[in-house]
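For the sequence shown, the numbering used here assigns the number 13 to the initial residue and increments by one for each residue that follows. Built from N, CA and C at the ideal position, the CB exists for glycine as well. The structure presented is a predicted model; accordingly, all values stated were derived computationally and were not measured. Comments concern the structure below.
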Amino acid sequence: MANSPQAKKRARQNERRFEINKARRSRIRTYLRKVEEAIASGDKEAAAAALKSTQPELMRGVTKGVLHKNTASRKMSRLAARVKALG
């Protein structure tokens with residue numbers, strides 16, 4: 013349990029940050045799911061549009077510290093390859 017005022021403040025900040033990061037992760041997953049669903053449906057135009065809207069969300073997650081840069085790049089690359097493979 014936090015005893016010093018600084019530790020108490022840190023605990024409050026951590027709780028708030030956790031909620032914000034949780035919302036960001038959820039938002040990113042939603043965008044990723046939209047791309048997955050478009051790929052599953054076989055609609056290349058919809059998948060490409062979903063991928064285009066997903067990229068800024070992924071990169072925002074990187075700048076906000078929710079995702080690692082390489083993780084976001086890997087996800088983007090794999091999704092792009094799958095969208096491209098749709099014929």
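Asked, Found
"Spatial neighbours of Leu63 in its chain, beta-carbon cut-off 7 Å, leaving aside the 5 residues before and after", "Val47, Leu91, Ala92, Val95"
"CB contact flag (Val74, Ala84, <8 Å)", "yes"
"Sequence-distant residues of its chain with Cβ nearer than 7 Å to Leu98 (five each side left out)", "Ile51, Gly54, Lys56, Ala59"
"Of the listed residues Arg41, Ala19, Gly77, nearest to Lys87 (C-alpha basis)", "Arg41"
"C-alpha distance - His80 paired with Arg28, whole-angstrom precision", "21 Å"
"Beta-carbon gap between Arg24 and Glu69 smaller than 8 Å", "no"
"Residue nearest to Lys76 in terms of C-alpha spacing, selected from Asn82, Ile32, Met13", "Ile32"
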